[in-house]
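S.K.: Take numbering that gives the first Met the number 0: the last position of the sequence shown gets the number 239, and nothing is skipped along the way. Even for Gly, the Cβ is constructed at its ideal location relative to N, Cα and C. Given the structure is predicted, the values throughout are model-derived calculations rather than measurements.
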Amino acid sequence: MRHFARFTLCLTALLGFACASYADITTDPSRIVLTEQNRAGEVKVHNSGGHTLRISVKWSDIAQGPDGVLHPVPEEAAPSDSRGLHLWPRKFTLKPDETRAVYVVLDPKSDIEGERRVHIRIDADRANGKGPRWGLTLPVFVRETAMAMIVQITDVYWAGAQSLMVTLYRDGGATPYGRLVVTNDRGEILGELGNITLYADKHSIQYEIPLEQPLEGTAYVTYLGAGEFDNQTFDVHQIN
């Protein structure tokens, strides 16, 4: 049985949507990567609530702040990185506990150079017209198959008695994705933070890692890959 990843996106009043602390829709997977050898993908949308939902799907764009937080970009400011990509269905209904697939296909005539990214935005309204609107996004990457990645842990410092601030810098190549792990010299995990990515090239992003155990002696902050980068180690930073 596959597990569904839950994502909640509170859209600002500027964009005209209500915020909800919990969404009634979940998706699997949480990201799609298309390459020359794999030009098609799908995301399964699941109604985990108790009401029938009207689902609308469209392309969107997301900007990442220096603190790693993702922000919706207004449609008029979004770049047209969805060229050559086909997305369907755009509208459908989901009954409680029902699942439906949304398909993404890259045109066979579209060339793939470097990497580009766009986001799928999925909005859900209750069919009875009552209640809040929920929204979530997930990234779609169109990427060369053998694309190098350059990312570094450039700084680590204390952000309080029980947390570390970690600065990451991406210097070209593919967009990294993974988790930050703090371990001691015995290999014990002291703290961990998942879903770590750097969308912007030539920019630094900071993430705060809460520590579950006190840091004593030598420790290491490791940026480990996930998803298509599983089992890869991007960088390691030693703390004395």
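Output the distance between the C-alpha atoms of Ile152 and Thr144, rounded to the nearest integer angstrom.
M.R.: Distance between the alpha carbons of Ile152 and Thr144 is about 25 Å.
S.K.: Comparing C-alpha positions only, which one of His70, Leu33, Ala126 and Asp154 sits nearest to Leu105?
M.R.: Measuring from the Cα of Leu105, the nearest candidate turns out to be Leu33.
S.K.: Can you pull the DSSP bridge partners for Asp154?
M.R.: Its beta-bridge partners are Thr166.
S.K.: Should the segment 155-170 be regarded as contacting the segment 55-63, the criterion being three or more beta carbon pairs within less than 8 Å?
M.R.: At 8 Å Cβ cutoff, the stretches do not touch.
S.K.: Could you tell me whether the Cβ atoms of Ile238 and Val220 are closer together than 9 Å?
M.R.: Yes, the Cβ-Cβ distance between Ile238 and Val220 is below 9 Å.
S.K.: Can you check DSSP and say which residues form a bridge with Gly224?
M.R.: According to DSSP, Gly224 bridges with Gly177.
S.K.: Should Asp23 be labelled buried (16 or more other beta-carbon atoms within 10 Å of its own) or exposed?
M.R.: Under this definition Asp23 is a buried residue.
S.K.: What residues in its chain sit with their C-beta under 6 Å from that of His236, if we drop five residues either side in the sequence?
M.R.: Ile152, Val155 and Val220, listed in sequence order.
S.K.: Return the CA-CA distance between Pro28 and Pro213, expressed in angstroms with no decimal places.
M.R.: Cα-Cα distance, rounded: 35 Å.
S.K.: DSSP puts Glu114 in a beta bridge; with which residues?
M.R.: Paired residues: Arg142.
S.K.: Can you say whether Ser20 is buried or exposed, counting buried as having 16 or more other CB atoms within 10 angstroms of its CB?
M.R.: Legend: pLDDT at Ser20 = 29, less than 50; position of this residue unreliable, value from coordinates given subsequently. Counting Cβ neighbours within 10 Å, Ser20 comes out exposed, since fewer than 16 surround it.
S.K.: Does Arg99 come out as helix, strand or coil in the three-state DSSP assignment?
M.R.: DSSP places Arg99 in strand when its eight states are reduced to three.
S.K.: Determine the direct distance from the alpha carbon of Phe91 to that of Glu97, and round the result to whole angstroms.
M.R.: Cα-Cα distance, rounded: 12 Å.
S.K.: Just verifying my parser: in three-state terms, what is the DSSP assignment at Ser20?
M.R.: For Ser20, the predicted structure reports a pLDDT of 29, less than 50, and the residue's modelled location is therefore unreliable. A value from the coordinates is still provided. If DSSP states are grouped into helix, strand and coil, Ser20 belongs with coil.
S.K.: Helix, strand or coil for Gln63, going by three-state DSSP, please let me know.
M.R.: DSSP places Gln63 in strand when its eight states are reduced to three.
S.K.: Classify Leu223 as buried or exposed, calling it buried when 16 or more other Cβ atoms lie within 10 Å of its own Cβ.
M.R.: Classification for Leu223: buried.
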